[in-house]
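Taken in sequence, the protein lines are chains R and D. Position 318 of the first sequence, counting from 1, maps to 317 under numbering that gives the first Met the number 0, and the rest follow consecutively. Position 68 of the second sequence, counting from 1, maps to 67 under numbering that gives the first Met the number 0, and the rest follow consecutively. Backbone N, C-alpha and C define an ideal beta-carbon position, used for all residues, glycine too. Structure, as structure tokens:
There are 2 protein chains.
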Amino acid sequence: MTAAYTKLVILLKDIATLKSISGGLSWDEQTYMPPQGSAHRSEQLAYLAGLAHEKSTSAELATVLAEARSEVEKLADEADETGHWLVNVKEAQRAFDRSTKLPAALVQEMARATSLGQQAWITARKEKDFAHFLPSLEKIISLKREEAQAVGSPTGHLYDALLDEYEPGATAGEIAAAFAPLRDELVSLCAQIAQSPVRPRVELLEHHYPKTAQRVFAEAAARLIGFDFERGRIDESAHPFCSGFGPGDCRLTTRYLDHYFPSAFFGVLHEAGHGIYEQGLPEKAFGLASGEAASLGAHESQSRLWENLVGRSKAFWQFFYGSAQQAFPPVLGSVTLDDFYAAVNNVRFSFIRVEADEVTYNLHVMLRFELEQDLLLGHLQPRDLPGAWNERFQKYFGMTPPDDSQGCLQDVHWSAGLLGYFPTYTLGNMYSAQIFEAASGELGDLQAQFAAGQFRPLKEWLNEKIHRQGRRLPATKLMEQVTGHPLSHHSLMSYLRQKYTPLYQLQ
Amino acid sequence: MTAAYTKLVILLKDIATLKSISGGLSWDEQTYMPPQGSAHRSEQLAYLAGLAHEKSTSAELATVLAEARSEVEKLADEADETGHWLVNVKEAQRAFDRSTKLPAALVQEMARATSLGQQAWITARKEKDFAHFLPSLEKIISLKREEAQAVGSPTGHLYDALLDEYEPGATAGEIAAAFAPLRDELVSLCAQIAQSPVRPRVELLEHHYPKTAQRVFAEAAARLIGFDFERGRIDESAHPFCSGFGPGDCRLTTRYLDHYFPSAFFGVLHEAGHGIYEQGLPEKAFGLASGEAASLGAHESQSRLWENLVGRSKAFWQFFYGSAQQAFPPVLGSVTLDDFYAAVNNVRFSFIRVEADEVTYNLHVMLRFELEQDLLLGHLQPRDLPGAWNERFQKYFGMTPPDDSQGCLQDVHWSAGLLGYFPTYTLGNMYSAQIFEAASGELGDLQAQFAAGQFRPLKEWLNEKIHRQGRRLPATKLMEQVTGHPLSHHSLMSYLRQKYTPLYQLQ
Chain R
0 MTAAYTKLVI
10 LLKDIATLKS
20 ISGGLSWDEQ
30 TYMPPQGSAH
40 RSEQLAYLAG
50 LAHEKSTSAE
60 LATVLAEARS
70 EVEKLADEAD
80 ETGHWLVNVK
90 EAQRAFDRST
100 KLPAALVQEM
110 ARATSLGQQA
120 WITARKEKDF
130 AHFLPSLEKI
140 ISLKREEAQA
150 VGSPTGHLYD
160 ALLDEYEPGA
170 TAGEIAAAFA
180 PLRDELVSLC
190 AQIAQSPVRP
200 RVELLEHHYP
210 KTAQRVFAEA
220 AARLIGFDFE
230 RGRIDESAHP
240 FCSGFGPGDC
250 RLTTRYLDHY
260 FPSAFFGVLH
270 EAGHGIYEQG
280 LPEKAFGLAS
290 GEAASLGAHE
300 SQSRLWENLV
310 GRSKAFWQFF
320 YGSAQQAFPP
330 VLGSVTLDDF
340 YAAVNNVRFS
350 FIRVEADEVT
360 YNLHVMLRFE
370 LEQDLLLGHL
380 QPRDLPGAWN
390 ERFQKYFGMT
400 PPDDSQGCLQ
410 DVHWSAGLLG
420 YFPTYTLGNM
430 YSAQIFEAAS
440 GELGDLQAQF
450 AAGQFRPLKE
460 WLNEKIHRQG
470 RRLPATKLME
480 QVTGHPLSHH
490 SLMSYLRQKY
500 TPLYQLQ
Chain D
0 MTAAYTKLVI
10 LLKDIATLKS
20 ISGGLSWDEQ
30 TYMPPQGSAH
40 RSEQLAYLAG
50 LAHEKSTSAE
60 LATVLAEARS
70 EVEKLADEAD
80 ETGHWLVNVK
90 EAQRAFDRST
100 KLPAALVQEM
110 ARATSLGQQA
120 WITARKEKDF
130 AHFLPSLEKI
140 ISLKREEAQA
150 VGSPTGHLYD
160 ALLDEYEPGA
170 TAGEIAAAFA
180 PLRDELVSLC
190 AQIAQSPVRP
200 RVELLEHHYP
210 KTAQRVFAEA
220 AARLIGFDFE
230 RGRIDESAHP
240 FCSGFGPGDC
250 RLTTRYLDHY
260 FPSAFFGVLH
270 EAGHGIYEQG
280 LPEKAFGLAS
290 GEAASLGAHE
300 SQSRLWENLV
310 GRSKAFWQFF
320 YGSAQQAFPP
330 VLGSVTLDDF
340 YAAVNNVRFS
350 FIRVEADEVT
360 YNLHVMLRFE
370 LEQDLLLGHL
380 QPRDLPGAWN
390 ERFQKYFGMT
400 PPDDSQGCLQ
410 DVHWSAGLLG
420 YFPTYTLGNM
430 YSAQIFEAAS
440 GELGDLQAQF
450 AAGQFRPLKE
460 WLNEKIHRQG
470 RRLPATKLME
480 QVTGHPLSHH
490 SLMSYLRQKY
500 TPLYQLQ
């Protein structure tokens with residue numbers, strides 16, 4: 000390594016170490032922290048965030064970045080190992096530019112507005128009172144607009160400037176173009192399913208599933224698909240997530256509902272998918288782009304792949320259903336595999352995104368993607384959001400939310416300032432199908448492997464093709480390299496049709 | 000507040016915040032961290048320690064300390080609130096001086112030597128092989144001598160320089176003077192007990208006590224004596240401790256042995272005693288001397304008071320024994336209160352300090368106190384430690400350890416560089432009896448209160464007299480103020496004789 004690059008690596012690892020400490024404290028906050036610990040915890044997190052920001056925008060970092068870039072460019076043959084160096088320098092520069100473009104006053108105002116915004120949102124959702132949240136939403140949208148203007152984007156579009164934080168290099172235009180045919184086909188598939196005479200016995204998932212048995216069963220499944228408990232663990236929290244204390248220490252959480260089996264089980268598979276990605280990143284590149292996940296969409300492609308394409312497949316349950324019956328004998332002892340499989344794949348229109356099945360889910364996302372662009376660009380005024388939401392919901396889902404808590408107030412994202420985040424969920428779903436198709440092409444009959452309890456070939460293929468690559472390529476390029484195709488709705492629709500045609504006896 | 004004092008408070012809170020974060024990460028390391036998380040955790044802790052050291056020895060802190068001192072001294076009327084300011088400034092200056100007197104090279108060498116030392120000690124203890132630990136011990140003793148010389152002490156004695164870190168203001172001379180008569184009286188009491196015909200039925204503590212029932216029972220006891228679970232929690236670790244993430248978040252740990260009841264139960268009462276002290280400190284003074292515990296001896300006085308003077312009292316079990324019988328019906332259903340009470344107060348000579356009863360325990364400590372002074376002053380060469388240990392053990396206990404793992408290799412302290420720490424255990428025991436005597440004088444019949452399940456009056460008295468005082472006074476002065484007497488063996492011996500005379504039918 001060159002002298003400046005070596006120094007840059009040290010500075011970047013320091014920043015990443017601070018962030019990994021914050022990650023650990025946040026995990027504890029949501030799992031084990033006693034109630035009265037929250038005030039001091041906030042101070043700890045604010046102090047660490049301040050230190051990280053200071054180090055992320057320091058004059059020293061600016062100098063070292065410039066020196067490293069000039070040194071590394073002299074060496075540059077992007078195909079060999081020094082190619083990663085150049086990516087790491089460029090990506091560090093990108094992060095530095097983004098941090099320094101934001102005025103400190105804006106950052107502080109945003110922190111305050113989103114902190115108050117989340118409090119207002121909690122009350123508003125509980126009280127079904129959009130008016131209570133409106134002033135916060137107006138403030139946040141206005142600040143996000145300022146942020147997008149300050150950061151800028153190569154396309155000149157405000158929304159792209161925000162999207163870039165979650166899905167580097169992606170643009171709203173490309174995403175909209177890929178979403179449009181997907182929406183049409185999903186609406187058509189939903190209509191077919193709605194007319195089907197098949198009614199899965201969903202009530203069998205709502206019997207008593209004892210919590211301890213659920214935990215043991217879900218952990219066994221996570222272990223079998225490849226989540227490494229020597230380098231991670233699963234605990235409980237109100238809202239499931241995958242986070243951690245850094246390399247070698249990935250923490251998943253879930254929530255066990257003793258009268259609803261799918262929540263924790265598929266939640267664990269989903270978070271384990273994120274965790275397997277994190278555990279597959281090159282640990283030695285901690286703090287560098289080559290040691291980080293490619294994007295949120297790429298991350299979600301892994302969680303959805305294990306949750307849905309694997310975990311909700313017939314083959315998976317051909318292998319696992321015997322264990323499920325042993326784990327929950329009173330409720331599953333006399334239920335057939337086919338009935339169970341149909342129940343965990345029930346499709347129905349519902350108001351709440353996080354409860355949606357894999358067919359209707361993406362319609363929820365698209366609705367948000369469209370509305371948040373309109374909000375940001377000023378085509379939709381925050382005060383008009385409930386009406387716009389309900390109108391569009393009626394159009395896609397053929398029904399209208401009974402209140403705003405089941406409508407535009409259901410998600411935390413906007414109150415937390417997360418504009419540009421939603422589309423990554425559907426990108427993840429689209430990528431997951433493309434990846435699975437490519438893996439099937441290379442690994443042979445995956446269904447036969449799952450039915451025999453063999454998940455390792457798929458996991459190792461993902462390790463090699465995606466996880467170990469870090470962020471050496473932008474996510475869109477990485478996915479194209481892995482799947483052989485640019486982003487498209489074809490794989491996802493083909494997967495869904497192939498699965499749901501027999502399940503719902505469609506034509 | 001004055002401008003400089005206000006600035007000083009901010010700087011000190013920043014340092015304390017960093018340390019509280021390290022405390023949290025260390026707690027997690029010993030409770031929930033997956034095995035492969037240790038490498039990165041070490042880096043996190045080293046990084047935080049570096050930041051804290053940097054801020055503890057900064058030129059900015061030196062300047063602000065000097066300004067604050069001059070400002071506060073002008074205001075000084077030590078009786079009113081500004082008096083605390085002066086203490087806080089002086090104590091911060093003392094910590095600053097201590098940190099800056101240590102050359103960075105010595106600090107680094109000590110960190111390396113104690114890290115290697117603990118590894119060597121683990122192996123040596125396991126293999127019963129003192130020679131394996133000897134080189135580390137020699138290095139550590141030599142470095143501790145350098146440290147003591149660098150830090151210095153008002154008395155000019157090397158040992159006092161180290162002691163000052165744990166028991167500010169105490170001297171080896173005063174402690175030795177208080178220990179000498181205690182040792183004589185303990186040896187005499189032990190001899191009397193050894194001749195007693197009474198043999199408590201200790202085997203009843205070694206039946207099967209299911210772990211879950213132990214946990215529920217121990218937590219109920221901790222709650223009842225006043226540990227606040229809104230501001231703390233109890234988890235499991237290999238070695239019990241009381242630590243935390245800072246104000247409002249105190250973490251206790253214990254270890255449940257399913258065939259030995261006293262370990263976890265009295266361990267929890269002990270740690271809860273530490274925890275009640277921590278929870279009783281003035282939270283607003285976080286980072287300042289007035290918000291910290293007075294000394295390790297003062298801390299230990301609280302843990303031993305709740306563990307022994309309360310938890311091993313007849314009155315405590317008059318209230319609790321019914322619940323114990325309900326929690327463990329197969330083993331305690333037919334055991335009488337008197338038999339149980341005698342069993343948890345069994346006195347016998349043993350080789351291991353941490354397993355010792357409250358009569359023999361202090362002899363273990365004194366032996367270490369004497370030997371570590373000899374080691375530091377060069378009166379005893381590290382290579383001669385096993386012989387010296389065994390000789391002195393024979394003198395106090397009338398028996399010789401069968402190997403060094405049950406002798407001079409049993410404790411982690413010296414391998415971790417903790418010289419000067421041991422005497423605080425016996426100081427804690429002595430203070431606990433003095434405090435209990437004073438509390439009894441002011442609160443009336445404590446035994447009657449315990450027998451009725453009333454622990455709150457004692458807890459609140461301790462809160463007021465000790466916890467809320469922080470470190471406004473040196474521990475010796477605080478204890479004298481609270482108990483009305485200087486440190487002495489009288490209260491402890493009087494308590495022990497009063498308790499064990501009927502138990503062992505002594506004359």
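Separation of residue 115 of chain D and residue 135 of chain D (C-alpha to C-alpha, rounded to the nearest whole angstrom) is 7 Å.
The beta-carbon of residue 43 of chain D is placed less than 8 Å from the nearest beta-carbon of chain R. Listed in chain order, the positions of the stretch 218 to 237 of chain R with a beta carbon within less than 7 Å of a beta carbon of chain D are 228, 229, 230, 231, 232.
Taking the beta carbon of residue 38 of chain R as reference, the chain D residues within 8 Å of it are 246, 247, listed in sequence order. For the options R:31, R:14, R:45, the alpha carbon positioned closest to that of residue 91 of chain R is the one of R:14.
By the rule that beta-carbons nearer than 8 Å mark a contact, residue 255 of chain R does not touch chain D. In the three-state scheme derived from DSSP, where H, G and I count as helix and E and B as strand, residue 242 of chain D is classed as strand.
Inter-segment contact for the stretch 38 to 45 of chain D and the stretch 487 to 501 of chain R is absent: fewer than three beta-carbon pairs are separated by less than 8 Å.
Look at residue 407 of chain D here: in three-state DSSP terms it is coil, with no helix or strand label. One alpha carbon belongs to residue 423 of chain D, the other to residue 171 of chain D, and they sit about 11 Å apart. Within the same chain, Cβ atoms closer than 7 Å to the Cβ of residue 385 of chain R are found at 129, 403, 406, 407, the five residues on either side in sequence being excluded.
Excluding its 5 nearest sequence neighbours in each direction, residue 95 of chain R has C-beta neighbours in its own chain below 8 Å: 55, 56, 60, 61, 64, listed in chain order.
Residue 235 of chain R is bridged by DSSP to R:253. Classified as buried, residue 267 of chain R has 16 or more neighbouring CB atoms from the shown chains inside 10 Å of its CB. Within the same chain, and ignoring the five residues on either side of residue 308 of chain D in sequence, the residues whose Cβ sits closer than 8 Å to its Cβ are 431, 432, 435, 494. By the C-beta criterion, the stretch 345 to 364 of chain D is judged to be in contact with the stretch 495 to 505 of chain D, since at least 3 inter-stretch pairs fall below 8 Å. Taking a Cβ-Cβ cut-off of 9 Å, the neighbours of residue 35 of chain D in chain R comprise 227, 229, 230, 231, 246, 247, 248, given in sequence order.
One alpha carbon belongs to residue 180 of chain R, the other to residue 379 of chain R, and they sit about 24 Å apart.
Neighbours of residue 19 of chain D across chain R, judged by C-beta separation under 8 Å: 39, 43.
For residue 39 of chain R, the enclosing alpha helix (DSSP H) begins and ends at 37 to 55.
The stretch 273 to 310 of chain D contains, as complete alpha helix (DSSP H) runs of 4+ residues, the segments 295 to 303 (chain order). Here residue 248 of chain R is bridged, per DSSP, to R:245. In the DSSP assignment, residue 442 of chain R falls within the alpha helix (DSSP H) that extends over 422 to 442.
Proximity to residue 102 of chain D across D:276, D:195, D:142, D:249 peaks at D:142, based on C-alpha coordinates. Our two residues, residue 467 of chain R and residue 457 of chain R, have alpha carbons roughly 14 Å apart in a direct line. DSSP places residue 177 of chain R in the uninterrupted alpha helix (DSSP H) bounded by 171 to 194. Counting only Cβ-Cβ distances below 8 Å, residue 32 of chain D has contacts in chain R at 244, 248, in chain order. Between residue 109 of chain D and residue 416 of chain D, the CB-CB gap stays under 8 Å. Under the three-state reduction of DSSP, residue 206 of chain D is assigned to coil, being neither helix nor strand. Excluding its 5 nearest sequence neighbours in each direction, residue 497 of chain D has no C-beta neighbour in its own chain below 7 Å. By the neighbour-count criterion, in which 16 or more other beta carbons inside 10 Å mark a residue as buried, residue 213 of chain R falls on the buried side.
Residues are counted here when their Cβ sits less than 8 Å from a Cβ of chain D; for the stretch 119 to 137 of chain R the count is zero.
In the three-state reduction of the DSSP assignment, residue 452 of chain D falls in the coil class.
Residue 363 of chain D sits buried, since 16 or more C-beta atoms from the chains shown fall within 10 Å of its C-beta.
An exposed status is given to residue 9 of chain R, since fewer than 16 other beta-carbon atoms sit within 10 Å of its beta-carbon. For residue 198 of chain R, the closest of R:18, R:339, R:475, R:88 by C-alpha to C-alpha distance is R:339.
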